[in-house]
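Residue numbering for the sequence shown follows the numbering used here, starting at 4 and increasing by one per position.
Remarks on the structure that follows.
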Amino acid sequence: MNHHPTTKPSADTRTTAQSHFRTLRLGTPFQPRIDALGLKEDWYNWAGYRAPHSLWDEELEYFAIRSQAALFDISPMTKYRIEGPDAEAYLDRVTLRDVTKLKPGRVHYTAWCDDDGFVLDDGTLFRLSPTRFRLGSQERHLPWLLDSAIGYEVSIEEETEAVAGLALQGPTSFA
Numbered sequence: 004m005n006h007h008p009t010t011k012p013s014a015d016t017r018t019t020a021q022s023h024f025r026t027l028r029l030g031t032p033f034q035p036r037i038d039a040l041g042l043k044e045d046w047y048n049w050a051g052y053r054a055p056h057s058l059w060d061e062e063l064e065y066f067a068i069r070s071q072a073a074l075f076d077i078s079p080m081t082k083y084r085i086e087g088p089d090a091e092a093y094l095d096r097v098t099l100r101d102v103t104k105l106k107p108g109r110v111h112y113t114a115w116c117d118d119d120g121f122v123l124d125d126g127t128l129f130r131l132s133p134t135r136f137r138l139g140s141q142e143r144h145l146p147w148l149l150d151s152a153i154g155y156e157v158s159i160e161e162e163t164e165a166v167a168g169l170a171l172q173g174p175t176s177f178a
């Protein structure tokens, strides 16, 4: 639908718009290293960041993470700092894992649901100290997190661009 009746789209304006849409805006702190290692120019836009589909060979990389280990730049993941005297109780209410069992310096995988039990997202929850946590997710959920925090003495701030991240994944990643 054309919202500007006096402007008629041409092939040139569509091409320009598509090129602009595909422009990968942000690099992560690890981008120069990834660029140097990559043999392919196969990038996609992950939450506004430039991310590789694959660096060398999709099949090799797939089997590496399934049988050994692989290192990923997860800087584009949305990250929230949640802290305050009620942070543990708040996160124990809104996530599906028992936050009281998560020790400082540790991380666990979890998910969170709306009031009807529908999964909103999943991600990782880091316990940085007894009253300070970092929640990492694929999607942005700040309004929902803030609404859910009513009645809890917590502060919630997005820190996506301030905190880079690497993930080491696979069956030998803990060795």
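For glycine and all other residues, C-beta sits at the position ideal for the given N, C-alpha and C.
Predicted, not measured: the structure shown is a model, and the values here were computed from it.
Nonlocal neighbours in the same chain, by C-beta distance under 8 Å from residue i, ignoring five residues either side
| i | result |
| --- | --- |
| D45 | P55, H56 and S57 |
| D182 | Given that the chain is displayed from residue 4 to residue 178, the structure contains no residue 182 and the question cannot be resolved. |
| I68 | Q172 and G173 |
Local Cβ density within 10 Å of residue i, reported as buried at 16 or more and exposed below that
| i | result |
| --- | --- |
| S140 | buried |
| P174 | exposed |
| A170 | exposed |
| T18 | For T18, the predicted model reports a pLDDT of 45, less than 50, meaning its position is unreliable; a value from the coordinates is still stated below. Burial call: exposed. |
| L149 | exposed |
| S151 | buried |
Nonlocal neighbours in the same chain, by C-beta distance under 6 Å from residue i, ignoring five residues either side
| i | result |
| --- | --- |
| A90 | T134, F136 and V157 |
| T113 | T98, L99, R100 and L128 |
| W147 | none |
Inter-residue CB distance, residue i and residue j (contact presumed, cutoff 8 Å)
| i | j | result |
| --- | --- | --- |
| D76 | T31 | 5 Å |
| Y83 | I153 | Not a contact, Cβ separation roughly 16 Å. |
| A72 | E64 | A72 to E64, Cβ: 11 Å. No contact. |
Proximity to residue i [Cα-Cα], best of the options
| i | options | result |
| --- | --- | --- |
| K106 | S151, A50 and F129 | F129 |
| P79 | T163, S176 and F177 | T163 |
| H111 | D117, D119, V122 and L99 | L99 |
| E161 | E142, I153 and S176 | E142 |
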